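Numbering (the working numbering), first residue to last: 12 to 128.
For every residue, glycine included, the Cβ atom is placed at its ideal position computed from N, Cα and C.
No experiment lies behind these values; they were computed from the predicted model shown.
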């Protein structure tokens, strides 16, 4: 399933990359993201360096602003780092839990210049 132009536009305006913002400093923001089976996080943008760690096994599908749909299988502790993102190289996507158990992530975003947003 592709994101519509309206979803992409909404995603570009949405920098809430998790369910709950648990910590914000001038250097970083720490998010928790919880998705029940079948639940979808709305389109949002990633435009600064970040990493995520998943806390349990599961499966997801992400639909991207470039038309791709990617399914991913996770194992507890999997971590992925995106060190080179900027407003020019960022992307918009959603995230749907297509597995049978809750997906739980901890995500840390870094402010490239140490400036709080």
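{"Query": "Minimum C-alpha distance to residue 66 - residue among 16, 118, 58", "Result": "118"}
{"Query": "Pair within 8 Å by beta-carbon distance, residue 101 and residue 58", "Result": "yes"}
{"Query": "Proximity to residue 111 [Cα-Cα], best of 16, 29, 12, 47", "Result": "47"}
{"Query": "Contacting residues, own chain, Cβ-Cβ under 6 Å from residue 82 (five flanking each side not counted)", "Result": "72"}
{"Query": "Assigned exposure category for residue 50 - 16 Cβ within 10 Å defines buried", "Result": "exposed"}
{"Query": "Residues near residue 98 by beta carbon distance below 6 Å, same chain, minus five either side", "Result": "58"}
{"Query": "Identity of the residue in 26, 13, 103, 52 nearest residue 41 by Cα", "Result": "26"}
{"Query": "Under the three-state DSSP convention, the category residue 48 falls into", "Result": "coil"}
{"Query": "Beta-carbon proximity list for residue 125, same chain, < 6 Å, skipping 5 on both sides", "Result": "Its pLDDT being 44, under 50, residue 125 is placed unreliably in this model, and the value from its coordinates should be taken loosely. So the qualifying residues of the chain are 37, 38."}
{"Query": "Residue 113 to residue 12 span [Cα, whole Å]", "Result": "22 Å"}
{"Query": "Whole-number beta carbon distance between residue 90 and residue 70, since they are thought to touch under 8 Å", "Result": "With a Cβ gap of about 17 Å, residue 70 and residue 90 do not count as contacting."}
{"Query": "Distance, residue 122 Cα to residue 35 Cα", "Result": "10 Å"}
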